[in-house]
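Protein chains in written order, with our numbering: chain U, -11 to 581; chain G, 365 to 479.
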Amino acid sequence: MRFLRRFLARLKNFAIGRRDDKRLREEMEEHLALQTAENLRGGMAPAEARRQAVLKFGATQAIREDYHSERGLPFFENLLQDVRFALRMFAKSPGFSAIAILTMALGIGATTAIFSLVNVTLLHPLPYPHPEELVRIEDDLPGAGTTDAGISIPEFKDLQRSGIFQYVVLQIFGSANLTGASQPSRMQYEGVSPAYFAMLGVKPQLGQTFDPQDQTPGLWKRAFGSDPHIVGKNLRGDNDLYRVIGVMPPGFRDPGRTVGERNTEQWAALGFEEDPAHPPSRSLRLPLETVGRLKPGLTVEAAQSQMDALVASMRKQFPGDYPADSEWTVRLVPLKENLVGNVRQSLILLLSAVALVLLIGCVNVANLLLARASARSREMAVRQALGAARKRLVWQLLTEGLLLSLLGGVAGVVILFCMKGFLLRLIPESMPRLNDLSINWTVMLFALAASIAAGVIFGLAPARQAGGLNLANTLRAEGRGSKGSTQQTRTRRVLVVTEFALSLVLMVAAGLLLRSFWELYKAPLGFNPQRVMSVQLWLPSPNDDKTDIYATAAQEAVFARELLRRSRLLPGVQEAALGSEPFRCGTTATRAR
Amino acid sequence: MGEKPDVLQGTLALMVLKTLDVLGPLHGYGIARRIEQISGDLLAVNQGTLYPLLLRLEQEGAIASEWGASENNRRARFYRLTRAGHKLLESETRDWEQTAAIIARFFKVKAEDLT
Chain U
-11 MRFLRRFLAR
-1 LKNFAIGRRD
9 DKRLREEMEE
19 HLALQTAENL
29 RGGMAPAEAR
39 RQAVLKFGAT
49 QAIREDYHSE
59 RGLPFFENLL
69 QDVRFALRMF
79 AKSPGFSAIA
89 ILTMALGIGA
99 TTAIFSLVNV
109 TLLHPLPYPH
119 PEELVRIEDD
129 LPGAGTTDAG
139 ISIPEFKDLQ
149 RSGIFQYVVL
159 QIFGSANLTG
169 ASQPSRMQYE
179 GVSPAYFAML
189 GVKPQLGQTF
199 DPQDQTPGLW
209 KRAFGSDPHI
219 VGKNLRGDND
229 LYRVIGVMPP
239 GFRDPGRTVG
249 ERNTEQWAAL
259 GFEEDPAHPP
269 SRSLRLPLET
279 VGRLKPGLTV
289 EAAQSQMDAL
299 VASMRKQFPG
309 DYPADSEWTV
319 RLVPLKENLV
329 GNVRQSLILL
339 LSAVALVLLI
349 GCVNVANLLL
359 ARASARSREM
369 AVRQALGAAR
379 KRLVWQLLTE
389 GLLLSLLGGV
399 AGVVILFCMK
409 GFLLRLIPES
419 MPRLNDLSIN
429 WTVMLFALAA
439 SIAAGVIFGL
449 APARQAGGLN
459 LANTLRAEGR
469 GSKGSTQQTR
479 TRRVLVVTEF
489 ALSLVLMVAA
499 GLLLRSFWEL
509 YKAPLGFNPQ
519 RVMSVQLWLP
529 SPNDDKTDIY
539 ATAAQEAVFA
549 RELLRRSRLL
559 PGVQEAALGS
569 EPFRCGTTAT
579 RAR
Chain G
365 MGEKPDVLQG
375 TLALMVLKTL
385 DVLGPLHGYG
395 IARRIEQISG
405 DLLAVNQGTL
415 YPLLLRLEQE
425 GAIASEWGAS
435 ENNRRARFYR
445 LTRAGHKLLE
455 SETRDWEQTA
465 AIIARFFKVK
475 AEDLT
């Protein structure tokens, strides 16, 4: 309470800028007068009485300084003064300031950009509740030389009954021609078993999700012209009829392994009971992915050992379905690991590289500051000779450094904001959670921390030097116009060597990257890609054979011939061709004139 | 007075509070003189250090001050104890007595008492 009152009183004095010491002077005067009178009564001569009173009072200047620092907040007062002084210094040498700030902006901007990537991918890879419980379940057949071999329906039921998981879900990814909306479009969809949304802990924005008990199929479409009456409408995917039962919130994404999987926009319920073509059998492995949520409190290791026991008992129970030489095993992989495992190394490498750039920038600016400091060492020496405390001078230089790097940081973040769209296009699509990339508060905080760290690093060099200044020598030497002491020269040499070494590492790495890029660029395609456009299209292949209008090759040929005929008639088209895989799967190519 | 600044600061503040408690409102010189009389040479030099301390106590709310007339009829700042100051003095006195008692006991202990 007392400290708070004292702080508030000081803050008030600081805020209203009360600096005069009229009251203290008056009190001191009164004190001395009373003491002098006392001394006179004691029998001293008037001059001596006054002198003794002053002696007894003590060092007036020191007392006034104590009084000042007690009244206000000396730390902030000094800081404010230093900042003002530093800004004046920057304005006096705009070229130097611009170079230093730009260097820092580059370093901090690049580091922050990469950090924003690390922030969403490595630090928060799974935007679901209790992400540590989510595992991918992969069946391996090492004996047959396959990993992640898919799963059979009876095995899926074993998993559901195993007691290891809260939810187990099967997924299959695909794309289909979506019709029944205002415009036909190609949509990424995902067939999932009904517990999918319950497992990921996500609620729909409109309507409902699949009932985990309900085994009848349905379709789940995310954004449909934002039509609020979408729920209950019918859609056709590859001519199969689906009913919309709900709309998922905009931020929801599947934790898929590729961009295509993560960009899934509709979810259809998978049923496994009514398929007469594939009666459930243990050895019939379907190309499905399996994801589960572990029982609360169960570690992946413990779950894996329970899983191993289950697999062993199944192998004993069904020796025909699981021949010993296929060595069937089931692996539980944490979903996070599965998602970021392959990008972690490259991201850390990238972050180290930009941190190195930042460090080079710091060393560079430190060197510049040092060069300026030797020009200013006379000023420092004079100020120290006049009674400035070393601590104050060191603080002032540190403030200058910090201010430079903070300005650089602000510039860096501003540049980052402006170039956001351009930078996003440089990131490979395989990066997980790219859609959620944003410059948020965590990233801003990181930029601030990086700026402060950088400022301290390069502010320390000149500050250290000012701290260790030899007054007599500096004043004498600088008076004769000499440039810098031997110690200064040594520090600057060390900095230059450091900078060179750091840059060399980056240069080599960048050179290697450029070389492989160039090799790739030079590699011949085998054809002339100029003025060639490719168009990809899909013919629907519905589950219900009766609705498939392209079931036979003859039916497909009619469509293909008509497509080519009309393409050739388009203005600007010189020649058109069709192929199942000319450049990529299922494309036609047209050559523009 | 640079040797034990922390202890001295603490005790000096306590002395100021006690002086004001016993004698009522006083100006800076009066406080200094009173402390000098009782404590001997503690404040014989550097009496001026009292003023930053008085300001601090005032900012903490333990004392209040206002202008008044001194013995020789000049303007002087008079300090008096506030209610918070009274409480502070009480608790500080208790703390001090406790500490002094403990230290005193330690000084009385002989080697054989600890076996």
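Backbone N, C-alpha and C fix where the C-beta goes; we use that ideal spot for every residue, glycine too.
Start-to-end residues for the alpha helix (DSSP H) that takes in residue i
i: GLN401/G; result: 392 to 403
i: PRO34/U; result: 34 to 45
i: LEU453/G; result: 447 to 472
i: THR100/U; result: 82 to 106
i: GLN49/U; result: 48 to 59
i: GLY588/U; result: Because residue 588/U is not part of the residues shown, which for chain U are -11 to 581, the question remains open.
i: ARG231/U; result: Careful: ARG231/U lies outside any alpha helix (DSSP H), inside the beta strand (DSSP E) at 228 to 231.
i: SER555/U; result: 541 to 557
Three-way DSSP call (helix, strand, coil) for residue i in this model
i: GLN176/U; result: strand
i: TYR116/U; result: coil
i: THR479/U; result: helix
i: LEU412/U; result: helix
i: ASN586/U; result: Beyond the ends of chain U as shown, which are -11 and 581, falls residue 586/U; an answer cannot be given.
i: SER439/U; result: helix
i: ARG(-2)/U; result: helix
i: ILE618/U; result: The question about residue 618/U has no answer, for chain U in this structure spans -11 to 581.
i: GLU325/U; result: helix
i: TRP429/U; result: helix
i: ARG303/U; result: helix
i: TYR310/U; result: coil
i: VAL380/G; result: helix
i: THR287/U; result: coil
Closer than 8 Å to chain G by CB, residue i
i: LYS44/U; result: yes
i: ILE51/U; result: yes
i: ALA93/U; result: no
i: ASP54/U; result: yes
i: SER23/U; result: With the sequence shown as reference, residue 23/U is identified as Gln, and Ser is not the correct amino acid for it. Chain G, which has a Cβ nearer than 8 Å to the Cβ of GLN23/U, makes this yes.
i: ALA3/U; result: no
i: ALA(-3)/U; result: yes
i: SER39/U; result: As written in the sequence, residue 39/U is Arg, which differs from the Ser given in the question. ARG39/U does not count as touching chain G.
i: GLU121/U; result: no
Buried/exposed call for residue i, threshold 16 Cβ in 10 Å
i: HIS118/U; result: exposed
i: ALA369/U; result: buried
i: VAL485/U; result: exposed
i: ALA442/U; result: buried
i: ILE583/U; result: The requested residue 583/U does not occur in the structure, where chain U is confined to residues -11 to 581.
i: GLY60/U; result: buried
i: THR463/G; result: exposed
i: GLY567/U; result: exposed
i: THR135/U; result: exposed
i: LEU501/U; result: exposed
i: PRO237/U; result: exposed
i: THR100/U; result: buried
i: MET521/U; result: exposed
Any C-beta of chain U under 8 Å from that of residue i
i: LEU387/G; result: no
i: SER434/G; result: yes
i: LEU419/G; result: yes
i: GLY449/G; result: no
i: TYR443/G; result: no
i: GLN423/G; result: yes
i: GLY392/G; result: yes
i: ARG438/G; result: yes
i: GLN411/G; result: yes
Cβ neighbours of residue i in the same chain (closer than 6 Å, five flanking residues each side left out)
i: ALA451/U; result: VAL382, LEU385, LEU386
i: ILE139/U; result: ASP127, LEU276, THR278
i: ASP536/U; result: PRO530
i: ILE445/U; result: CYS350
Residue i Cβ short of 7 Å to the ligand FAD heavy atom set
i: SER173/U; result: In terms of ligand content, the structure shown is empty, and the ligand FAD therefore cannot be addressed.
Cutoff 7 Å; reference residue i; Cβ partners in own chain excluding five residues on either side
i: ARG(-2)/U; result: ARG59, GLY60, LEU61
Contacts around residue i, its chain only, beta-carbon distance under 8 Å, and the 5 residues preceding and following it disregarded
i: ASP459/G; result: none
i: ILE395/G; result: VAL380, THR383, LEU384, LEU414, LEU418, TYR443
Beta strand (DSSP E) segment containing residue i, residue limits
i: LEU282/U; result: 277 to 282
i: ASP128/U; result: 122 to 128
i: ILE141/U; result: Per DSSP, ILE141/U belongs to no beta strand (DSSP E); it is in the alpha helix (DSSP H), 141 to 149.
i: GLU253/U; result: Here GLU253/U belongs to no beta strand (DSSP E), and DSSP marks it neither H nor E.
i: GLU563/U; result: 561 to 567
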